[in-house]
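As C-alpha coordinates, the structure follows; a few thoughts come after it.
Numbering (my numbering), first residue to last: 1 to 239.
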(Lines of atoms letter the chains of each structure in order from A and count residues from 1; the text may use other names and numbers.)
(Lines give C-alpha, C1' and ligand atoms only; values in the text may rest on other atoms or scores of the structure.)
Protein backbone atom coordinates (compact mmCIF):
# COMPACT_ATOMS: atom_id res chain seq x y z
CA UNK A 1 0.00 0.00 0.00
CA UNK A 2 2.84 2.37 0.82
CA UNK A 3 4.46 1.73 -2.56
CA UNK A 4 1.15 2.47 -4.35
CA UNK A 5 0.87 5.77 -2.49
CA UNK A 6 4.41 6.72 -3.50
CA UNK A 7 3.68 5.88 -7.14
CA UNK A 8 0.53 8.04 -7.07
CA UNK A 9 2.52 10.90 -5.58
CA UNK A 10 5.18 10.61 -8.29
CA UNK A 11 2.47 10.50 -10.96
CA UNK A 12 0.96 13.74 -9.66
CA UNK A 13 4.39 15.38 -9.68
CA UNK A 14 5.03 14.32 -13.29
CA UNK A 15 1.61 15.63 -14.34
CA UNK A 16 2.26 19.00 -12.68
CA UNK A 17 5.69 19.28 -14.30
CA UNK A 18 4.25 18.32 -17.67
CA UNK A 19 1.49 20.89 -17.33
CA UNK A 20 4.03 23.60 -16.48
CA UNK A 21 6.08 22.82 -19.58
CA UNK A 22 2.92 22.71 -21.68
CA UNK A 23 1.83 26.17 -20.53
CA UNK A 24 5.30 27.71 -20.78
CA UNK A 25 5.80 26.22 -24.23
CA UNK A 26 2.63 27.79 -25.62
CA UNK A 27 4.20 31.23 -26.06
CA UNK A 28 4.29 31.92 -29.79
CA UNK A 29 7.37 34.06 -30.50
CA UNK A 30 6.88 35.91 -33.79
CA UNK A 31 9.05 38.14 -35.96
CA UNK A 32 7.44 41.24 -37.46
CA UNK A 33 10.55 43.37 -37.94
CA UNK A 34 9.46 44.11 -41.51
CA UNK A 35 6.90 46.46 -39.97
CA UNK A 36 9.78 48.94 -39.52
CA UNK A 37 9.54 49.62 -43.27
CA UNK A 38 6.08 51.15 -42.93
CA UNK A 39 5.32 54.28 -44.98
CA UNK A 40 1.97 55.38 -43.55
CA UNK A 41 0.15 55.17 -40.21
CA UNK A 42 3.47 54.40 -38.59
CA UNK A 43 4.12 54.57 -34.87
CA UNK A 44 7.25 56.62 -34.22
CA UNK A 45 8.93 56.15 -30.85
CA UNK A 46 11.83 58.39 -29.89
CA UNK A 47 13.65 58.90 -26.64
CA UNK A 48 16.84 58.72 -24.62
CA UNK A 49 18.48 56.36 -22.18
CA UNK A 50 20.21 58.23 -19.38
CA UNK A 51 21.86 57.52 -16.05
CA UNK A 52 23.19 59.47 -13.05
CA UNK A 53 19.74 60.90 -12.38
CA UNK A 54 19.15 61.78 -16.03
CA UNK A 55 22.39 63.77 -16.39
CA UNK A 56 24.52 61.35 -18.44
CA UNK A 57 23.64 59.62 -21.71
CA UNK A 58 23.96 55.86 -22.17
CA UNK A 59 25.34 55.35 -25.70
CA UNK A 60 25.53 52.26 -27.91
CA UNK A 61 22.73 50.30 -26.25
CA UNK A 62 20.73 47.85 -28.37
CA UNK A 63 16.95 48.18 -28.04
CA UNK A 64 14.03 46.04 -29.09
CA UNK A 65 10.32 46.81 -29.14
CA UNK A 66 7.93 43.89 -28.98
CA UNK A 67 4.21 43.38 -28.66
CA UNK A 68 3.24 41.23 -25.68
CA UNK A 69 -0.10 39.47 -25.31
CA UNK A 70 0.38 36.73 -22.73
CA UNK A 71 -2.32 35.26 -20.49
CA UNK A 72 -1.79 34.88 -16.75
CA UNK A 73 -2.39 31.13 -16.97
CA UNK A 74 0.17 30.78 -19.76
CA UNK A 75 0.19 30.94 -23.53
CA UNK A 76 0.01 33.91 -25.86
CA UNK A 77 2.11 35.84 -28.34
CA UNK A 78 5.32 37.84 -28.14
CA UNK A 79 5.96 39.62 -31.43
CA UNK A 80 9.21 41.45 -32.27
CA UNK A 81 8.32 44.78 -33.90
CA UNK A 82 11.46 46.90 -34.19
CA UNK A 83 15.11 47.24 -33.23
CA UNK A 84 17.29 50.28 -32.65
CA UNK A 85 20.48 51.45 -30.94
CA UNK A 86 21.22 54.56 -28.91
CA UNK A 87 23.64 57.10 -30.36
CA UNK A 88 26.40 58.96 -28.52
CA UNK A 89 23.76 61.18 -26.90
CA UNK A 90 21.77 58.19 -25.68
CA UNK A 91 19.01 58.99 -28.17
CA UNK A 92 17.07 56.48 -30.26
CA UNK A 93 14.35 56.58 -32.89
CA UNK A 94 12.33 53.69 -34.27
CA UNK A 95 9.12 53.25 -36.22
CA UNK A 96 6.81 50.32 -36.94
CA UNK A 97 3.32 49.49 -38.17
CA UNK A 98 0.58 48.26 -35.88
CA UNK A 99 -1.38 45.13 -36.72
CA UNK A 100 -5.12 44.91 -36.15
CA UNK A 101 -4.86 42.45 -33.25
CA UNK A 102 -2.32 44.74 -31.55
CA UNK A 103 -4.92 47.51 -31.40
CA UNK A 104 -7.30 45.39 -29.35
CA UNK A 105 -5.08 43.51 -26.91
CA UNK A 106 -1.71 43.40 -25.21
CA UNK A 107 0.89 46.12 -24.86
CA UNK A 108 4.25 47.14 -26.28
CA UNK A 109 7.48 46.64 -24.40
CA UNK A 110 10.82 48.37 -24.91
CA UNK A 111 13.75 46.16 -23.93
CA UNK A 112 17.19 47.68 -23.38
CA UNK A 113 20.31 45.52 -23.34
CA UNK A 114 22.57 47.26 -20.84
CA UNK A 115 25.41 45.63 -18.93
CA UNK A 116 23.89 44.11 -15.78
CA UNK A 117 27.25 44.33 -14.03
CA UNK A 118 27.15 48.12 -14.36
CA UNK A 119 23.44 49.02 -14.33
CA UNK A 120 20.62 48.13 -11.97
CA UNK A 121 18.05 45.98 -13.75
CA UNK A 122 16.18 44.52 -10.78
CA UNK A 123 15.49 40.83 -11.20
CA UNK A 124 16.79 40.80 -14.75
CA UNK A 125 13.92 43.04 -15.86
CA UNK A 126 15.42 45.29 -18.54
CA UNK A 127 12.24 46.70 -20.00
CA UNK A 128 9.55 49.36 -19.89
CA UNK A 129 5.91 48.83 -20.82
CA UNK A 130 4.43 51.22 -23.41
CA UNK A 131 0.67 51.68 -23.15
CA UNK A 132 -1.96 53.50 -25.25
CA UNK A 133 0.20 53.39 -28.38
CA UNK A 134 -1.84 54.22 -31.49
CA UNK A 135 -0.99 54.49 -35.23
CA UNK A 136 0.13 57.66 -36.98
CA UNK A 137 1.50 59.06 -33.72
CA UNK A 138 4.83 60.15 -32.27
CA UNK A 139 5.82 59.24 -28.72
CA UNK A 140 8.82 60.47 -26.77
CA UNK A 141 10.20 58.69 -23.74
CA UNK A 142 13.14 59.47 -21.47
CA UNK A 143 14.25 56.43 -19.50
CA UNK A 144 16.58 56.67 -16.52
CA UNK A 145 18.61 53.58 -15.66
CA UNK A 146 20.67 53.75 -12.48
CA UNK A 147 24.24 52.56 -12.24
CA UNK A 148 25.01 50.04 -9.51
CA UNK A 149 26.45 51.23 -6.22
CA UNK A 150 26.15 50.04 -2.63
CA UNK A 151 25.49 51.64 0.74
CA UNK A 152 26.09 50.29 4.23
CA UNK A 153 24.07 52.09 6.90
CA UNK A 154 25.70 51.57 10.29
CA UNK A 155 23.55 52.01 13.39
CA UNK A 156 25.93 53.33 16.02
CA UNK A 157 23.75 52.24 18.96
CA UNK A 158 21.89 49.18 17.67
CA UNK A 159 21.83 47.76 21.21
CA UNK A 160 19.37 50.51 22.21
CA UNK A 161 16.60 49.08 19.98
CA UNK A 162 14.51 47.24 22.58
CA UNK A 163 10.99 46.00 23.20
CA UNK A 164 8.47 47.64 20.87
CA UNK A 165 11.08 50.00 19.44
CA UNK A 166 12.01 49.74 15.79
CA UNK A 167 14.15 51.47 13.21
CA UNK A 168 13.26 51.25 9.54
CA UNK A 169 15.85 52.29 6.96
CA UNK A 170 14.97 52.71 3.28
CA UNK A 171 17.17 53.92 0.43
CA UNK A 172 15.25 55.25 -2.57
CA UNK A 173 16.73 55.79 -6.05
CA UNK A 174 14.91 57.54 -8.93
CA UNK A 175 14.67 55.65 -12.20
CA UNK A 176 12.27 54.72 -14.99
CA UNK A 177 10.20 56.87 -17.32
CA UNK A 178 11.18 60.52 -16.81
CA UNK A 179 12.66 59.51 -13.46
CA UNK A 180 9.15 59.19 -12.04
CA UNK A 181 9.73 55.73 -10.56
CA UNK A 182 11.98 54.53 -7.76
CA UNK A 183 13.56 51.36 -6.56
CA UNK A 184 13.81 51.05 -2.82
CA UNK A 185 16.00 48.82 -0.67
CA UNK A 186 16.29 48.43 3.08
CA UNK A 187 13.84 47.36 5.75
CA UNK A 188 13.08 47.04 9.44
CA UNK A 189 16.42 46.81 11.20
CA UNK A 190 14.98 44.78 14.07
CA UNK A 191 15.12 41.78 11.72
CA UNK A 192 18.89 42.12 11.35
CA UNK A 193 21.60 41.60 13.93
CA UNK A 194 24.24 43.45 11.92
CA UNK A 195 24.57 46.10 9.22
CA UNK A 196 23.69 45.11 5.66
CA UNK A 197 24.95 46.27 2.28
CA UNK A 198 22.13 47.66 0.14
CA UNK A 199 22.02 48.27 -3.60
CA UNK A 200 21.51 51.93 -4.57
CA UNK A 201 21.89 54.07 -7.68
CA UNK A 202 25.41 55.31 -8.30
CA UNK A 203 26.48 58.86 -9.23
CA UNK A 204 23.10 60.31 -8.34
CA UNK A 205 21.18 61.50 -5.27
CA UNK A 206 19.73 58.70 -3.16
CA UNK A 207 17.16 59.45 -0.47
CA UNK A 208 17.90 57.84 2.89
CA UNK A 209 14.66 57.57 4.86
CA UNK A 210 14.91 56.69 8.55
CA UNK A 211 11.78 55.91 10.56
CA UNK A 212 12.18 55.40 14.30
CA UNK A 213 9.82 54.26 17.01
CA UNK A 214 11.42 55.02 20.35
CA UNK A 215 9.58 54.92 23.67
CA UNK A 216 6.28 54.89 21.77
CA UNK A 217 7.10 57.99 19.68
CA UNK A 218 7.41 57.63 15.88
CA UNK A 219 9.63 60.06 13.95
CA UNK A 220 10.99 60.28 10.42
CA UNK A 221 14.27 61.67 9.13
CA UNK A 222 15.30 62.13 5.51
CA UNK A 223 18.78 62.62 4.14
CA UNK A 224 20.30 62.72 0.67
CA UNK A 225 23.38 60.61 0.08
CA UNK A 226 25.57 60.01 -2.97
CA UNK A 227 27.65 56.95 -3.77
CA UNK A 228 30.08 56.69 -6.72
CA UNK A 229 29.06 53.93 -9.14
CA UNK A 230 30.67 50.57 -8.54
CA UNK A 231 31.68 51.49 -5.01
CA UNK A 232 30.47 50.83 -1.47
CA UNK A 233 30.09 53.70 0.98
CA UNK A 234 29.26 53.55 4.69
CA UNK A 235 26.92 55.99 6.44
CA UNK A 236 26.35 56.24 10.19
CA UNK A 237 22.97 56.82 11.80
CA UNK A 238 21.83 56.83 15.42
CA UNK A 239 18.70 55.22 16.82
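Note that CB positions come from ideal geometry on N, CA and C, so glycine has one too. Since the model is a prediction, treat every value here as computed from it, not as a measurement.
Where residue 169 and residue 187 are concerned, what is the direct C-alpha to C-alpha distance, given to the nearest angstrom? CA-CA distance, residue 169 to residue 187, rounds to 5 Å.
Could you tell me the alpha carbon to alpha carbon distance between residue 76 and residue 132, rounded to whole angstroms? Separation of residue 76 and residue 132 (C-alpha to C-alpha, rounded to the nearest whole angstrom) is 20 Å.
Nearest-angstrom Cα separation, counted from residue 189 out to residue 160: 12 Å
May I have the straight-line CA-CA distance separating residue 92 from residue 119, to the nearest angstrom? 19 Å
For my contact list, residue 175 and residue 145 are in at a C-beta cut-off of 8 Å; report their separation, rounded to the angstrom. 6 Å
Which residue marks the beginning of the beta strand (DSSP E) containing residue 142, and which one marks its end? 137-144
Answer yes or no: do residue 68 and residue 106 have a C-beta to C-beta separation smaller than 7 Å? Yes, they are a contact pair.
Report the residue from 213, 236, 234, 207 whose alpha carbon sits nearest the alpha carbon of residue 222. 207
Own chain partners of residue 90 with C-beta closer than 7 Å, once the 5 adjacent residues on each side are dropped: 48, 49, 50, 57, 58, 59
Need the endpoints of the alpha helix (DSSP H) that residue 188 sits in, please. It is not in any alpha helix (DSSP H) - residue 188 instead sits in the beta strand (DSSP E) that spans 181-188.
Below 7 Å between beta carbons: does that hold for residue 121 and residue 86? no
Own chain partners of residue 201 with C-beta closer than 6 Å, once the 5 adjacent residues on each side are dropped: 146, 173
Do you know offhand how far residue 162's Cα is from residue 192's? 13 Å
Rounded C-beta distance between residue 153 and residue 237? I'm assuming under 8 Å. 6 Å
Would you report the Cα separation of residue 204 and residue 26, rounded to the nearest angstrom? 42 Å
Option nearest residue 228 by Cα separation, candidates 100, 63, 99, 149: 149
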